[in-house]
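Heads up, the thing below is written out as structure tokens.
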Amino acid sequence: MSNCDSCGSKGKCSSGEAGCSKAFPKYGNIKKIIGVISGKGGVGKSTVTGILAVQLQKAGYKVGILDADITGPSMPRFFGINEKRAQIIQAEGQEEFKFVPVQTELGIKVMSLNLLIENEDEPVIWRGPVITGVLEQMYRDAAWEEIDYLLIDMPPGTGDVALTVMQKIPVDGMVVVSTPQDMVSMIVKKVVIMAEKMKANVLGVVENMSYVKCGKCGEKMRVFSKKSAEEQAQYLGLPLLAEMPINLDLVESLENGSAEQYVNDNPEYESLINSFMKQLG
Ligand code: ADP
Numbered sequence: 249m250s251n252c253d254s255c256g257s258k259g260k261c262s263s264g265e266a267g268c269s270k271a272f273p274k275y276g277n278i279k280k281i282i283g284v285i286s287g288k289g290g291v292g293k294s295t296v297t298g299i300l301a302v303q304l305q306k307a308g309y310k311v312g313i314l315d316a317d318i319t320g321p322s323m324p325r326f327f328g329i330n331e332k333r334a335q336i337i338q339a340e341g342q343e344e345f346k347f348v349p350v351q352t353e354l355g356i357k358v359m360s361l362n363l364l365i366e367n368e369d370e371p372v373i374w375r376g377p378v379i380t381g382v383l384e385q386m387y388r389d390a391a392w393e394e395i396d397y398l399l400i401d402m403p404p405g406t407g408d409v410a411l412t413v414m415q416k417i418p419v420d421g422m423v424v425v426s427t428p429q430d431m432v433s434m435i436v437k438k439v440v441i442m443a444e445k446m447k448a449n450v451l452g453v454v455e456n457m458s459y460v461k462c463g464k465c466g467e468k469m470r471v472f473s474k475k476s477a478e479e480q481a482q483y484l485g486l487p488l489l490a491e492m493p494i495n496l497d498l499v500e501s502l503e504n505g506s507a508e509q510y511v512n513d514n515p516e517y518e519s520l521i522n523s524f525m526k527q528l529g
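Going left to right, the sequence shown walks through residues 249 to 529 as this note's numbering numbers them.
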């Protein structure tokens with residue numbers, strides 16, 4: 249079942265030698281689970297999840313994504329797989345059914361509610377317990393098989409789903425995403441404090457939409473804040489993992505379904521994986 253050696257809460261949780269306090273083990277052959285969180289919607293949490301996944305896959309790891317943003321799933325769109333649907337299979341001689349995650353062009357395995365419902369624009373109008381039940385099922389019943397890094401794109405805020413992930417899933421590390429605005433940082437700090445209260449291993453913060461790069465001289469202009477990214481990270485009490493520019497080419501690639509290729513080809517995004525690996529240890 250669970251192996252404490254690979255758990256971010258090893259030595260910090262109350263279960264000790266008595267066994268794992270998390271409800272679910274790491275299924276199949278999942279090695280590390282990373283949650284990507286932000287207190288607020290629209291700061292680029294899903295975009296950063298996609299970028300980190302592509303960089304890890306490019307570095308030779310086997311990567312999976314669990315889209316836990318059940319009411320606002322956007323991972324299928326990032327990878328241009330929104331027209332595909334996850335297959336449901338039953339292994340020979342077994343009673344249970346499994347969802348087969350959809351693979352992206354680079355081979356990243358994605359599991360999202362939007363890959364299970366008929367039309368991607370169909371809303372889910374469910375109460376919290378149903379939503380968390382669906383999340384648990386997508387984690388537990390997906391045929392993940394070999395995964396070095398399973399990234400969980402969390403919904404914004406400190407609600408039911410975030411709580412379920414932190415309490416029940418053996419997450420090894422959390423990456424926080426923020427933007428350089430005091431009002432955003434204040435809300436993001438709530439999720440950081442929540443993660444710390446839940447004894448999660450918070451690796452650091454990615455500041456998204458940090459700056460715009462001048463197309464002529466290359467100067468980096470901070471359009472949202474006069475404070476530096478380091479100052480914003482200090483306020484959150486976290487190491488700064490990376491600064492991501494506002495990038496219209498990225499937006500265009502997201503809109504035409506080629507973001508995976510764009511990020512794969514763009515060396516600007518490589519710094520994120522280095523600091524991520526350093527913090528994860
Ligand atoms: P969240 O998951 O936090 O709700 P998303 O990743 O869905 O946020 O991003 C919200 C919007 O901002 C999307 O339309 C996305 O294309 C855009 N966006 C995110 N990061 C950037 C960036 N660095 N440059 C330009 N647009 C961005």
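Note that beta-carbon positions come from the ideal geometry of N, C-alpha and C, so glycine has one too.
Keep in mind the model is a prediction, meaning the values are calculated, not measured.
Across the structure, residue 360 and residue 352 are spaced so that their CA atoms are roughly 13 Å apart.
Only exposed fits residue 469, as fewer than 16 other CB atoms lie within 10 angstroms of its CB. Counting only the Cα atoms, residue 322 lies some 7 Å from residue 294. Fewer than three pairs of CB atoms, one per stretch, sit closer than 8 Å, so the region 372-391 makes no contact with the region 430-445. If you look at residue 459, you'll find it isn't in any beta strand (DSSP E); DSSP assigns it neither H nor E. Residue state for residue 452 is assigned as strand, using DSSP reduced to three classes.
Counting the other Cβ atoms within 10 Å of the Cβ of residue 471 gives fewer than 16, which makes it exposed. DSSP, read as helix, strand or coil, puts residue 338 in strand. Straight through space, the alpha carbons of residue 522 and residue 423 are spaced by roughly 13 Å.
When DSSP assignments are scanned along the region 265-330, the uninterrupted stretches of alpha helix (DSSP H) that are 4 or more residues long and fall wholly within it turn out to be 293-306 and 323-326. Residue 416 and residue 271 do touch by the CB rule: their CB atoms are close to 4 Å apart, below 8 Å.
Relative to the non-hydrogen atoms of the ligand ADP, the Cβ of residue 312 never comes closer than 7 Å to any of them.
Ranked by Cα distance from residue 287, the options 477, 425, 335 and 486 are led by 425.
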